[in-house]
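Engineer: Would you mind keeping the following structure in view while I ask a few things?
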Amino acid sequence: IDNPMQYFDYISIHHYNLPTVNYINSCKKIQEMIESYQGGDEKEIWYNEYGVPDYRVRISGSTAAVTRYDANTKAAYLVELTAQMLGNHVGDKLFPYVLSDKGFDQNYWENTFGLVDYYREDIPYAAKPALVAMSAFNAFTAGYRSSEEITESETVERYIFYNTADEKDVSILWAKAGNANISVPKQGGNVYFYDLYGNDLTNVTELDDCYQLTVTDQPVYIVYDMYTGERYTATVTRDGAFYTFAGKFE
1 IDNPMQYFDY ISIHHYNLPT VNYINSCKKI QEMIESYQGG DEKEIWYNEY
51 GVPDYRVRIS GSTAAVTRYD ANTKAAYLVE LTAQMLGNHV GDKLFPYVLS
101 DKGFDQNYWE NTFGLVDYYR EDIPYAAKPA LVAMSAFNAF TAGYRSSEEI
151 TESETVERYI FYNTADEKDV SILWAKAGNA NISVPKQGGN VYFYDLYGND
201 LTNVTELDDC YQLTVTDQPV YIVYDMYTGE RYTATVTRDG AFYTFAGKFE
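Numbering (my numbering), first residue to last: 1 to 250.
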């Protein structure tokens with residue numbers, strides 16, 4: 001087809017690939033392929049589906065291998081995928097799949113992508129940790145003006161979202177394998193540390209010129225408040241089947 005990009009307004013992609021170390025590489029290849037066509041660099045790329053199931057099945061010949069993810073791993077993977085795509089600018093709009101599980105049969109893995117449980121469970125629509133983690137990600141990064149991957153360490157993957165809606169710079173980072181000890185220099189203003197779910201980190205040591213902490217495969221947030229001196233306080237509460245994420249500046 002001569003110049004296929006003239007026949008549509010944007011490109012919709014349903015992309016599932018774990019672990020996360022391979023995911024962003026395939027996203028970049030998709031983007032490079034699209035931009036290789038005339039006008040491709042002007043088309044928005046929408047990830048209408050991406051996500052993490054409670055487990056996945058790989059089939060090789062007559063053998064099926066099942067990998068199950070605990071709730072915290074699923075939450076971490078989903079946040080990492082989102083940060084990778086935004087930080088590397090490979091997608092213009094992102095739509096995690098899917099809000100709710102799709103059935104009772106938990107042995108059918110496509111039923112388990114939900115951020116909340118199936119509506120006919122004993123507790124309908126009960127929130128999974130992944131929902132709280134994505135709510136925290138949105139709260140911390142909302143309104144960011146620009147983003148980029150920071151490649152200063154071989155052991156830590158880090159993305160920074162600049163000048164968010166509340167005029168802060170927010171880094172999200174995690175260890176690529178095992179644990180990693182990091183130092184965060186003091187640069188003036190206030191620096192705050194939060195876990196995957198928006199809770200205060202308790203393993204941060206403050207020294208005269210820096211902060212030190214150990215990061216794992218669970219993403220953490222570093223919020224640089226260079227502007228107002230205000231602090232973001234996040235709380236997560238549960239009422240029956242519902243988790244509520246809320247925050248305020250003080």
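Ideal placement from N, C-alpha and C gives every residue a C-beta, glycine not left out.
Mapping the DSSP letters down to three states, classify Phe8 as helix, strand or coil.
Structural biologist: As a working mapping, residue 8 is identified with position 8 in the sequence shown. Looking at Phe8 - three-state DSSP - the assignment turns out to be coil, as it is neither helix nor strand.
Engineer: Count the other C-beta atoms from every protein chain shown that fall within 10 angstroms of the C-beta of Glu32, then say buried if there are 16 or more, exposed otherwise.
Structural biologist: Here the question's residue 32 lines up with position 32 in the sequence shown. Label assigned to Glu32: exposed.
Engineer: Give me the Cβ distance between Glu157 and Lys176, rounded to the nearest whole Å; I'm assuming they're in contact under 8 Å.
Structural biologist: The residue given as residue 157 occupies position 157 in the sequence shown. The residue given as residue 176 occupies position 176 in the sequence shown. Right, the Cβ-Cβ distance comes to about 6 Å (below 8 Å), so this counts as a contact.
Engineer: If you count every other CB in all the chains shown that lies within 10 Å of the CB of Gln84, and 16 or more means buried, which is it?
Structural biologist: Locating residue 84 in the sequence shown gives position 84, counting from the first residue. With 16 or more Cβ atoms within 10 Å of its Cβ, Gln84 is classed as buried.
Engineer: Compute the Euclidean distance between the alpha carbons of Val90 and Tyr47, then round it to the nearest angstrom.
Structural biologist: Here residue 90 is taken as the residue at index 90 of the sequence shown, counted from 1. Here residue 47 is taken as the residue at index 47 of the sequence shown, counted from 1. Distance between the alpha carbons of Val90 and Tyr47: 9 Å.
Engineer: Below 8 Å on the Cβ atoms is my guess for Leu173 versus Val116; work out the distance and round it to an integer in Å.
Structural biologist: To locate residue 173, count along the sequence shown from 1; it is residue 173. To locate residue 116, count along the sequence shown from 1; it is residue 116. Incorrect: roughly 27 Å between the Cβ atoms, too far for contact.
Engineer: Run through the DSSP bridge pairs and tell me what Gln212 is partnered with.
Structural biologist: The residue given as residue 212 occupies position 212 in the sequence shown. When DSSP reads this structure, Gln212 sits in a beta bridge with Ser183 and Thr205.
Engineer: Which partner residues of Glu148 appear in the DSSP bridge assignment?
Structural biologist: Start at 1 with the first residue of the sequence shown, and residue 148 comes out as number 148. The partner list for Glu148 (beta bridge, DSSP) reads Ile160.
Engineer: For Ile45, does the three-state DSSP call read helix, strand or coil?
Structural biologist: Numbered from its first residue, the sequence shown carries residue 45 at position 45. If DSSP states are grouped into helix, strand and coil, Ile45 belongs with the strands.
Engineer: What residue range does the alpha helix (DSSP H) around Leu99 cover?
Structural biologist: If you number the sequence shown from 1, residue 99 lands on position 99. Element bounds for Leu99: n/a, residue is neither H nor E.
Engineer: Restricting to Cα atoms, I'd like to know which of Lys43, Ala133 and Ser171 is closest to Tyr197.
Structural biologist: What you label residue 197 is simply residue 197 of the sequence shown in a count that begins at 1. Measuring C-alpha to C-alpha distances from Tyr197 to each of Lys43, Ala133 and Ser171 identifies Ala133 as the nearest.
Engineer: Could you work out which residue in Phe95, Tyr119 and Thr73 is closest to Ala130 when comparing CA atoms only?
Structural biologist: Position 130 of the sequence shown, counted from the first residue, corresponds to residue 130. With distances taken between Cα atoms, Ala130 lies closest to Thr73.
Engineer: Is the beta carbon of Leu94 less than 8 Å from the beta carbon of Tyr50?
Structural biologist: As a first step, residue 94 is located in the sequence shown; it is residue number 94 there, counting from the start. As a first step, residue 50 is located in the sequence shown; it is residue number 50 there, counting from the start. Yes. Within cutoff.
Engineer: Quick check: the Cα distance between Phe161 and Ser146, rounded to an integer number of angstroms?
Structural biologist: For the purposes of this step, residue 161 is taken as the residue at position 161 of the sequence shown. For the purposes of this step, residue 146 is taken as the residue at position 146 of the sequence shown. Distance between the alpha carbons of Phe161 and Ser146: 6 Å.
Engineer: Would you kindly work out how many angstroms separate the C-alpha atoms of Asn199 and Gly39, rounded to a whole number?
Structural biologist: Counting from one through the sequence shown, the residue named residue 199 turns up at place 199. Counting from one through the sequence shown, the residue named residue 39 turns up at place 39. In a straight line, the C-alpha of Asn199 is about 44 Å away from that of Gly39.
Engineer: Using three-state DSSP, classify Ile172 as helix, strand or coil.
Structural biologist: Numbered from its first residue, the sequence shown carries residue 172 at position 172. It is a strand residue.
Engineer: Closer than 7 Å by C-beta to Phe137: which residues in its own chain qualify, once you throw out the five before and the five after it? Chain order, please.
Structural biologist: By one-based count along the sequence shown, residue 137 stands at place 137. The beta carbon of Phe137 is closer than 7 Å to those of Val79 and Thr82 in its chain, skipping five residues each way along the sequence.
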